[in-house]
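Trainee: Residue numbers (my numbering): 182 to 251.
Pasting a structure below so you can have a look.
So, in structure tokens, the structure goes:
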């Protein structure tokens with residue numbers, strides 16, 4: 182499926198990595214987005230934006246879900 186957003190839009194290879202490091206990689210690989218590290222369960226807005234990637238981490242700061250443009 183083609184994305185309406187420019188650049189890379191999914192980072193499955195970052196699951197299991199450190200969240201802060203993952204956010205840096207996301208922003209390096211797609212300079213059009215801001216990667217935001219959040220603890221799983223944190224309430225977020227549900228609107229779609231091409232410039233945002235949630236990086237969901239557990240209590241240890243490890244990425245637990247594939248970061249995608251949301």
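Don't be surprised by glycine CBs; every beta carbon is placed ideally from N, CA and C.
According to DSSP, simplified to helix, strand and coil, what is residue 199?
Mentor: As a working mapping, residue 199 is identified with position 18 in the chain shown. Here residue 199 sits in strand by DSSP.
Trainee: Please report the residue range of the beta strand (DSSP E) in which residue 227 lies.
Mentor: In the chain shown, the residue the question calls residue 227 occupies position 46. Taken as a continuous stretch (DSSP letters only), residue 227 belongs to no beta strand (DSSP E), as it is neither H nor E.
Trainee: DSSP three-state label for residue 245, please.
Mentor: Taking the first residue of the chain shown as position 1, residue 245 is located at position 64. Here residue 245 sits in coil by DSSP.
Trainee: Taking the CB atoms as reference points, tell me whether residue 244 and residue 236 lie closer together than 8 Å.
Mentor: To locate residue 244, count along the chain shown from 1; it is residue 63. To locate residue 236, count along the chain shown from 1; it is residue 55. Yes; because the gap between Cβ atoms is below 8 Å, this pair is in contact.
Trainee: Which whole-angstrom value describes the C-beta separation of residue 196 and residue 246, a residue pair presumed to lie in contact below a C-beta threshold of 8 Å?
Mentor: Numbered from 1 along the chain shown, position 15 holds the residue referred to as residue 196. Numbered from 1 along the chain shown, position 65 holds the residue referred to as residue 246. At roughly 7 Å, the Cβ-Cβ gap stays under 8 Å, so residue 196 and residue 246 are in contact.
Trainee: Taking the continuous beta strand (DSSP E) assigned at residue 235, which residues delimit it?
Mentor: Start at 1 with the first residue of the chain shown, and residue 235 comes out as number 54. First-last of the beta strand (DSSP E) with residue 235: 233 to 238.
Trainee: Taking residue 238 and residue 221 to be in contact with their CB atoms under 8 Å, please state how far apart those CB atoms are, rounded to whole angstroms.
Mentor: On the chain shown, position 57 is the one that residue 238 refers to. On the chain shown, position 40 is the one that residue 221 refers to. Residue 238 to residue 221, Cβ: 7 Å. Contact.
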